[in-house]
Amino acid sequence: MAITITDAAAQRVHTFLSNRGKGVGLRLGVKTSGCSGLAYVLEFVDELSEGDQVFEHGDVKVIVDSKSLVYLDGTELDFVKEGLNEGFKFNNPNVNGECGCGESFNV
């Protein structure tokens, strides 16, 4: 099982962690939410929990809990700028469908 992160996303996470002044890395997870069933969750991690899987890209760590990894295996975390908008993009091969607003997905 694996999670990958692009150079653009790694740079953005590195900048966030540097500005924050602390943290082990960024947690990528899923929660039950939205009209399609699951939504992505991103949060800073100050210490690892039991069962966490750590995926590294240079000096950036992406941490995924074992429950979320089932839904996220093979996902690429990217950071994109589209016009005036910018944000993280999840290229998840497990997604079968997404809601119209893009807030949630199902597998």
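According to UniProt numbering, the residues represented by the sequence shown are 1 to 107, in order.
The beta-carbon is built from N, C-alpha and C at its ideal position, and this holds for glycine as well.
In whole angstroms, what is the alpha-carbon distance linking residue i and residue j?
{"i": "N92", "j": "I3", "result": "9 Å"}
{"i": "A39", "j": "D73", "result": "15 Å"}
{"i": "G29", "j": "L84", "result": "26 Å"}
{"i": "Y71", "j": "V54", "result": "16 Å"}
{"i": "D65", "j": "G25", "result": "13 Å"}
{"i": "T15", "j": "L48", "result": "20 Å"}
Let me check you understand the geometry: is the CB of residue i closer than 7 Å to at least one non-hydrogen atom of the ligand ATP?
{"i": "R27", "result": "For the structure depicted, the ligand ATP is absent and the ligand set is empty, with no information on it obtainable."}
Please classify residue i as buried or exposed, where buried requires at least 16 neighbouring CB atoms within 10 angstroms.
{"i": "R20", "result": "exposed"}
{"i": "G51", "result": "exposed"}
Give the DSSP-derived three-state secondary structure of residue i in the structure shown.
{"i": "A2", "result": "coil"}
{"i": "S18", "result": "helix"}
{"i": "N13", "result": "In the sequence as presented, Asn is not what sits at residue 13; that position holds Val. Correct three-state label for V13: helix."}
Ignore the nearest five residues each way along the sequence and tell me which others in residue i's own chain have a CB closer than 7 Å to its CB.
{"i": "G23", "result": "L17, F44, V45 and D46"}
{"i": "H57", "result": "I5 and A10"}
Below 6 Å CB to CB, which residues in the same chain sit around residue i once its five sequence neighbours on both sides are set aside?
{"i": "V80", "result": "K89"}
{"i": "E76", "result": "T4 and N91"}
{"i": "V41", "result": "G29 and K31"}
{"i": "R27", "result": "E43, V45 and I63"}
Which same chain residues, not among the five before or five after residue i, have their C-beta less than 8 Å away from its C-beta?
{"i": "A8", "result": "D78, F79 and V80"}
Write down every uninterrupted run of the beta strand (DSSP E) in the region 55-87 whose length is 3 residues or greater and which is fully enclosed by it, in chain order. 60-64 and 76-82
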